[in-house]
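Report on the following structure.
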Amino acid sequence: MTDFKAIEKAYEAARQRYAELDVDTDAAIERLSKIAISLHCWQGDDVGGFESSEGLTGGGIMATGAYPGKARTADELRADVDKVMSLLPGKHRLNLHAIYAETSGKVGRNEIGPEHFGAWIDWAKANGLGLDFNGTFFSHPKAESGFTLSSADEAIRKFWVEHGMVCRKIGAAMGKELGTACVTNLWIADGYKDIPVDRKGPRERLKKSLDEIFAEQIDRSQLLDSVEGKLFGIGSESYVVGSHEFYLGYAIENKKLLCIDTGHYHPTEAPSDKISAVLTFLDEILLHVSRGVRWDSDHVVILSDELRAIAQELIRGDYLERVHIGLDFFDASINRVAAWVIGTRCMIKALLIALLEPTERLRRMEADGDHTSRLAMLEELKTLPFGAVWDYHCTKLGVPAREAWLKEAIDYGAKVTSERR
Ligand code: RNT
Ligand code: ZN
15 MTDFKAIEKA YEAARQRYAE LDVDTDAAIE RLSKIAISLH CWQGDDVGGF ESSEGLTGGG
75 IMATGAYPGK ARTADELRAD VDKVMSLLPG KHRLNLHAIY AETSGKVGRN EIGPEHFGAW
135 IDWAKANGLG LDFNGTFFSH PKAESGFTLS SADEAIRKFW VEHGMVCRKI GAAMGKELGT
195 ACVTNLWIAD GYKDIPVDRK GPRERLKKSL DEIFAEQIDR SQLLDSVEGK LFGIGSESYV
255 VGSHEFYLGY AIENKKLLCI DTGHYHPTEA PSDKISAVLT FLDEILLHVS RGVRWDSDHV
315 VILSDELRAI AQELIRGDYL ERVHIGLDFF DASINRVAAW VIGTRCMIKA LLIALLEPTE
375 RLRRMEADGD HTSRLAMLEE LKTLPFGAVW DYHCTKLGVP AREAWLKEAI DYGAKVTSER
435 R
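Printed below as a string of structure tokens:
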């Protein structure tokens with residue numbers, strides 16, 4: 015049993031401690047409760063989708079693990095997301111992929127439409143949630159050559175261009191129906207395992223394909239287009255057509271959102287440092303918050319230094335209106351509902367810690383050239399009682415505080431997901 019009295023008492027002490035630094039904890043949790051995180055639906059079924067029983071194939075990504083109970087149908091996936099959302103403070107969004115269409119696999123990827131997402135839209139409406147969307151340019155026979163939008167085979171290229179076009183229509187319908195713009199992201203895995211001779215041709219074709227996909231003007235109140243680059247994938251170690259520089263250029267030239275996936279850079283690069291750099295030139299960006307371990311492994315997000323740095327950038331730079339926070343991880347080796355909750359709660363916690371920072375004080379030290387105090391304070395802040403504020407925030411918003419959520423996730427596993435074979 016959660017001891018509410020103890021949580022309130024601890025919060026009161028924390029409130030006073032933060033007040034000594036001129037930080038208003040009530041204002042921080044008020045702001046926090048308004049930040050929506052876009053939960054990726056694909057954590058619930060290892061990026062399988064409902065098109066075929068084969069699940070994730072190709073695309074240079076991989077979900078590892080054999081934990082039982084993954085969602086097999088849209089109804090099961092919605093039930094799992096409902097459970098996850100009930101364990102998160104605040105109102106969030108759901109990020110879908112084209113392979114989550116409800117078509118019984120009978121409609122081609124280039125022919126799907128908003129009608130195949132009707133149940134998702136109804137569900138989102140009933141729960142007051144926004145939706146985001148992604149084209150699925152992998153797990154498909156026409157992606158087996160390793161090339162889609164940059165393919166030299168005109169029939170293949172055209173097929174995927176059509177897919178990109180219908181995905182924008184689906185995103186726009188979601189945005190219109192739900193009254194909140196749908197961020198529709200495009201990521202392709204095109205690339206070569208070994209050293210190519212022609213790096214230029216595929217990139218020229220990709221640009222052409224994107225221009226065709228984005229030709230139709232769609233109101234930004236319904237749809238926000240975003241493009242996601244990558245460093246390498248399994249089977250595209252030597253060359254990825256849609257690299258970071260490629261899409262940064264494309265996004266700037268065409269006023270698209272750039273998607274920064276935190277697992278898509280060299281391990282010693284800090285994605286947090288890129289936010290202020292790219293937002294100097296772009297209006298808005300999308301984040302795919304992930305956790306790479308040695309490579310782009312998509313481990314469950316934890317409260318790492320880098321996650322905290324990302325949250326700090328969003329708050330310090332006053333970027334919340336311009337940055338769409340999405341998650342992108344998939345772990346098939348542990349309870350999937352719990353994995354979702356762990357990662358999302360960490361993202362929210364990181365934002366809380368950033369909101370509790372006495373930023374003005376730190377800025378003054380920096381402006382005065384007092385780098386000693388800046389470092390000292392940054393380290394002191396790490397042991398402030400943000401946990402007490404977090405527990406209080408969860409309690410106030412009616413979701414389990416502390417580790418109480420875990421029992422609910424495990425019970426749900428025992429009652430619901432363990433029945434799935
Ligand atoms: C892959 C990209 C991409 C996918 C999802 C499923 O490396 O990060 O965003 O993870 O679209
Ligand atoms: Zn991603």
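In the numbering used here, the protein residues as written are 15 to 435.
Built from N, CA and C at the ideal position, the CB exists for glycine as well.
Proximity test, residue i beta-carbon vs ligand 1 heavy atom, cut-off 7 Å
i: K244; result: yes
i: I202; result: no
i: I51; result: no
i: H111; result: yes
i: D40; result: no
i: V292; result: no
i: I266; result: no
i: I339; result: no
i: I184; result: no
i: W56; result: yes
Residue environment, residue i, which counts as buried when at least 16 other CB atoms sit within 10 Å
i: F343; result: buried
i: N268; result: exposed
i: S318; result: exposed
i: D310; result: buried
i: P285; result: buried
i: H54; result: buried
i: K429; result: exposed
i: R213; result: exposed
i: K421; result: exposed
i: A461; result: No statement about residue 461 is possible, as the shown extent of the chain runs from 15 to 435 and does not include it.
6 Å Cβ shell around residue i - same chain, five flanking residues per side excluded
i: I339; result: I51, L301
i: S432; result: G83
i: A42; result: L369, L370
Neighbourhood of residue i by C-beta, 8 Å cutoff - its chain only, sequence neighbours within 5 removed
i: S387; result: M379
i: M76; result: L70, I248
i: D312; result: I75, A77, G277, S304, R305, G306, D342, F343, F344, D345
Distance cut-off 7 Å: residue i Cβ against heavy atoms of ligand 2
i: D275; result: yes
i: D342; result: yes
i: H302; result: yes
Among the options, the one whose alpha carbon lies nearest that of residue i
i: T194; options: G142, S165, K214; result: G142
i: R336; options: W137, G122, F295; result: F295
i: I356; options: H385, I316, K97; result: I316
i: S118; options: S67, D38, W201, A157; result: S67
i: P103; options: E433, V403, S432; result: V403
i: L398; options: A27, E422, W354, A325; result: A27
i: Y279; options: L220, W354, G383, E259; result: E259
i: R31; options: K19, E371, T431; result: E371
i: E251; options: E218, S290, A203; result: A203
i: K190; options: D287, D225, I232, R217; result: I232
i: Y426; options: G243, G122, N349; result: N349
Beta-carbon contacts of residue i that lie in its chain and below 7 Å, excluding the five residues immediately before and after
i: I418; result: Looking at the sequence provided, one finds Ala at residue 418 rather than Ile. If we look at A418 and ignore the five residues flanking it on each side, its Cβ neighbours are T16.
message = Whether or not the region 54-66 and the region 103-123 are in contact is what I'm after, with contact meaning three or more pairs of Cβ atoms, one per stretch, closer than 8 Å; do they touch?
response = Remark: three or more beta-carbon pairs, one from each stretch, lie closer than 8 Å, so the region 103-123 and the region 54-66 are flagged as touching.
task = Please determine if the region 121-133 and the region 359-368 are in contact, where contact requires at least 3 C-beta pairs separated by less than 8 Å.
result = The region 121-133, when compared against the region 359-368, does not touch it at the 8 Å Cβ threshold.
task = Please confirm if the region 165-177 is in contact with the region 80-92, defined as three or more CB-CB distances below 8 Å between the two stretches.
result = No, because fewer than three Cβ pairs between the region 165-177 and the region 80-92 fall closer than 8 Å, the two stretches do not touch.
query = Should the region 382-396 be called in touch with the region 42-51, which here means at least 3 C-beta pairs below 8 Å?
reply = No: the two stretches stay apart, fewer than three of their Cβ pairs being nearer than 8 Å.
request  = Take every Cβ of the region 160-167, pair it with every Cβ of the region 237-245, and state whether three or more of those distances are shorter than 8 Å.
outcome  = Contact between the region 160-167 and the region 237-245 is absent, because fewer than three Cβ pairs lie under 8 Å.
ask   = Are at least three pairs of beta-carbons, each pair with one atom in the region 89-97 and one in the region 145-158, less than 8 Å apart?
value = In the pairwise beta carbon analysis, the region 89-97 is classified as not touching the region 145-158: fewer than three pairs are separated by under 8 Å.
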